[in-house]
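What follows is a single structure, written as C-alpha cells, with notes after it.
Numbering (the numbering used here), first residue to last: 7 to 96.
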C-alpha cells in the first residue's frame with residue numbers, strides 16, 4: 007500500500023495541534039495494518055465528497071482520502087483533507 011498526503015492536507019495538518027498530529031500518525035499506522043479497523047470508522051462519503059472515504063482521527067477530527075488500485079493490484083491512498091467534522095462537512 008502506498009500512502010501519500012495531498013498538498014492541501016499537509017497545510018491543514020500543520021495547523022492542527024500537536025496532539026491531533028500524533029493521533030493522526032497513530033491512526034495511519036492502524037490504517038496501514040487494517041483499513042477497516044473498528045476504531046477508524048472508515049466509511050464511504052456522499053455528496054460533494056462522493057468517491058472519497060473518511061476515517062476518524064479523534065472524536066471530532068477526520069481525514070478524507072481517495073483510494074485507487076493500479077492494474078498490478080497495488081493500492082494507492084491519497085489523504086486529501088484534514089479537519090474537524092464541522093470544518094469538513096459544512
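Glycine included, every Cβ here is placed at the ideal spot set by N, Cα and C. This structure is a prediction, so every number in the text was calculated from the model and none was measured.
Three-pair Cβ contact test at 8 Å for the region 34-41 versus the region 18-26: no
Neighbourhood of residue 62 by C-beta distance below 8 Å, restricted to the same chain and skipping five residues each side: Residue numbering aside, residue 62 sits at position 56 when the chain shown is read from its first letter. Correct list, in chain order: 33, 45, 46, 47 and 68.
Candidates 79, 17, 64 and 95, of which the one nearest residue 28 by Cα: For this step, residue 28 is matched to residue 22 along the chain shown. Nearest option by C-alpha distance: 64.
Length of the line joining the Cα atoms of residue 25 and residue 16: Translated into the one-based positions of the chain shown, residue 25 becomes position 19. Translated into the one-based positions of the chain shown, residue 16 becomes position 10. Roughly 16 Å separates the two Cα atoms.
Integer Cβ distance of residue 72 from residue 87, believed to fall under 8 Å: For the purposes of this step, residue 72 is identified with residue 66 of the chain shown, where counting begins at 1. For the purposes of this step, residue 87 is identified with residue 81 of the chain shown, where counting begins at 1. The beta carbons of residue 72 and residue 87 sit about 10 Å from each other, so the pair does not count as a contact at 8 Å.
For residue 60: DSSP bridge partner residues: On the chain shown, position 54 is the one that residue 60 refers to. The partner list for residue 60 (beta bridge, DSSP) reads 49 and 70.
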